[in-house]
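Under this note's numbering, the final residue of the sequence shown carries the number 223; numbering is consecutive throughout.
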Amino acid sequence: MFKGKDVRVVLSEEANDAYEELNKIVGDEKKKGIQSSVHQTLLRSINRVRDLLKKNPFAGDQIPKRRIPGKYSLNYDTDNAWRIELANRWRLIYTITGNRVEIITFVMDIVDHKRYDKVFGYKH
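Below, the structure is given as structure tokens:
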């Protein structure tokens, strides 16, 4: 609940694919007895952020409208985008929508820092 409204965190197909692949990798690692890895740290970070966004969808940093890549505004018909940092310099990109009853935090992408820079047009 956030300000009396239910909050749902929904993953896009692309973000869900990345999340499921990460879950598979972590599952395979655990079967092999690997107790700690970059993948496990990233998965814990994503789960922690999902829980945080259920409590406060505005927890991330708002991306200025002029900086929102067309990939997100066109594919997801959004005029707002937010970024929240994950472990190992990964980023979770989301938008916020809703109505009088609920708030939907829609995760558009889960990307590593290199891909984040590319999508947002940052150069090294």
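Beta carbons are placed, not taken as given, at the ideal position from N, Cα and C, and that holds for glycine.
Backbone secondary structure at residue i - three-state DSSP
{"i": "residue 169", "result": "helix"}
{"i": "residue 109", "result": "strand"}
{"i": "residue 222", "result": "coil"}
{"i": "residue 98", "result": "In this structure the chain extends from 100 to 223, so residue 98 is not present and cannot be described."}
{"i": "residue 213", "result": "helix"}
{"i": "residue 116", "result": "helix"}
{"i": "residue 158", "result": "coil"}
{"i": "residue 102", "result": "coil"}
Beta-carbon separation (whole angstroms), residue i vs residue j, contact threshold 8 Å
{"i": "residue 159", "j": "residue 183", "result": "3 Å"}
{"i": "residue 114", "j": "residue 208", "result": "6 Å"}
{"i": "residue 212", "j": "residue 181", "result": "Going by Cβ atoms, the distance from residue 212 to residue 181 rounds to 17 Å, so no, they are not a contact pair."}
Where residue i falls, given that 16 or more other Cβ within 10 Å makes a residue buried
{"i": "residue 133", "result": "exposed"}
{"i": "residue 109", "result": "exposed"}
{"i": "residue 157", "result": "exposed"}
{"i": "residue 136", "result": "exposed"}
{"i": "residue 210", "result": "buried"}
{"i": "residue 200", "result": "exposed"}
{"i": "residue 191", "result": "buried"}
{"i": "residue 173", "result": "exposed"}
Exercise for the section: Would you list, in sequence order, the uninterrupted alpha helix (DSSP H) runs of no fewer than 4 residues that lie entirely inside the region 120-154? Expected result: You should have 137-154.
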